[in-house]
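Peer 1: First residue of the sequence shown? That's 1 in UniProt numbering, and the numbers climb one at a time after it.
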Amino acid sequence: MSIPNNLKYSKDHEWISLEGDVATIGITAFAQGELGDIVYVDVETEGETLGQEEVFGTVEAVKTVSDLFMPIGGEIVEFNTDLEGEPELINTDPYGKGWIIKVKVEDVAQVEALLDAAAYGELIGA
1 MSIPNNLKYS
11 KDHEWISLEG
21 DVATIGITAF
31 AQGELGDIVY
41 VDVETEGETL
51 GQEEVFGTVE
61 AVKTVSDLFM
71 PIGGEIVEFN
81 TDLEGEPELI
91 NTDPYGKGWI
101 IKVKVEDVAQ
111 VEALLDAAAY
121 GELIGA
């Protein structure tokens with residue numbers, strides 16, 4: 001299973017990539033594998049500022065709906081609109097074209113406090 005070393009991870013199975021003060025967030029390969037085929041992504045929080053661990057949207061798979069949690073606090077500045085027509089990008093490319101939101105980071109220390117690849121691997125038993 002792929003756990004890229006250049007990303008940070010939450011215990012809720014979100015990944016985060018930081019460029020300057022903007023973070024790109026998606027769900028991990030482990031999470032999408034557990035969910036199965038994703039058929040819909042719902043994010044209605046674009047433009048809102050949410051705190052760490054608040055729900056920013058949901059992903060719907062064939063058998064379940066799962067909340068998406070903010071791994072850090074900040075303003076949601078962009079939603080990946082490609083997911084509206086191709087939600088399966090989360091399954092086929094979770095760390096690339098399957099990203100979900102971009103967030104203007106309020107506190108970089110929250111990013112640094114997230115799990116690194118080794119710690120996330122231990123969490124999921126990889």
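Beta carbons are placed, not taken as given, at the ideal position from N, Cα and C, and that holds for glycine.
1. Can you tell me which residues form a DSSP beta bridge with SER17?
2. If distances are taken between C-alpha atoms only, which option among LEU123, LEU114, GLY36, ALA119 comes closest to GLN52?
3. Should the segment 85 to 93 be regarded as contacting the segment 109 to 126, the criterion being three or more beta carbon pairs within less than 8 Å?
4. Just grab the DSSP bridge partners of SER10 for me.
5. Starting from the Cα of LEU35, find the closest Cα among ALA126, THR58, GLU75 and give me that residue.
6. How would you label GLU14, buried or exposed, when you count the other beta carbons within 10 angstroms and need 16 or more for buried?
7. Rounded to the nearest angstrom, what separates GLU78 and ALA31 at their Cα positions?
8. Nearest to ASN5 by CA position, among GLY20, ASP21, THR28, THR45, is which residue?
9. Let me know the beta strand (DSSP E) ranges lying completely inside the UniProt domain "Lipoyl-binding" (22 to 104), each 3 residues or longer, listed in chain order.
10. Which residues in the same chain have their Cβ closer than 8 Å to the Cβ of ASP37, if we skip the five residues on either side of it in sequence?
11. Tell me the rounded alpha-carbon separation between GLY40 and ASP82.
12. Among the residues of its own chain, which have a CB less than 7 Å from the CB of VAL55, if the five just before and after it don't count?
13. For residue 129, does the count of other Cβ atoms within 10 angstroms reach 16, so buried, or fall short, so exposed?
Peer 2: In this structure, then:
1. As a working note, residue 17 is residue 17 in the sequence shown. Bridge partners of SER17: THR24.
2. Residue mapping note: residue 52 aligns to position 52 of the sequence shown, counting from 1. The residue among LEU123, LEU114, GLY36, ALA119 with its C-alpha nearest the C-alpha of GLN52 is LEU114.
3. no
4. Numbered from its first residue, the sequence shown carries residue 10 at position 10. Partner(s): none; SER10 has no beta bridge.
5. The count along the sequence shown starts at 1 and reaches residue 35 at position 35. Taking only the C-alpha atoms, the option nearest LEU35 is THR58.
6. Translated into the one-based positions of the sequence shown, residue 14 becomes position 14. GLU14 comes out buried.
7. Residue numbering aside, residue 78 sits at position 78 when the sequence shown is read from its first letter. Residue numbering aside, residue 31 sits at position 31 when the sequence shown is read from its first letter. Rounded to whole angstroms, GLU78 to ALA31 spans 22 Å at the Cα level.
8. Reading the sequence shown from its first residue, position 5 is the one you call residue 5. The residue with the shortest Cα to Cα distance from ASN5 is THR28.
9. When DSSP assignments are scanned along the UniProt domain "Lipoyl-binding" (22 to 104), the uninterrupted stretches of beta strand (DSSP E) that are 3 or more residues long and fall wholly within it turn out to be 22 to 27, 38 to 42, 55 to 61, 65 to 69, 74 to 79.
10. Locating residue 37 in the sequence shown gives position 37, where the first residue counts as 1. Here the set comprises ALA61, VAL62, GLU88, ASN91.
11. On the sequence shown, residue 40 is found 40 positions in, with the first residue counted as 1. On the sequence shown, residue 82 is found 82 positions in, with the first residue counted as 1. With the sequence shown as reference, residue 40 is identified as Tyr, and Gly is not the correct amino acid for it. Rounded to the nearest angstrom, the two C-alpha atoms are 11 Å apart.
12. Reading the sequence shown from its first residue, position 55 is the one you call residue 55. Only ASP67, LEU68, PHE69 meet the Cβ criterion.
13. The structure shown has nothing for residue 129, since the chain only spans 1 to 126.
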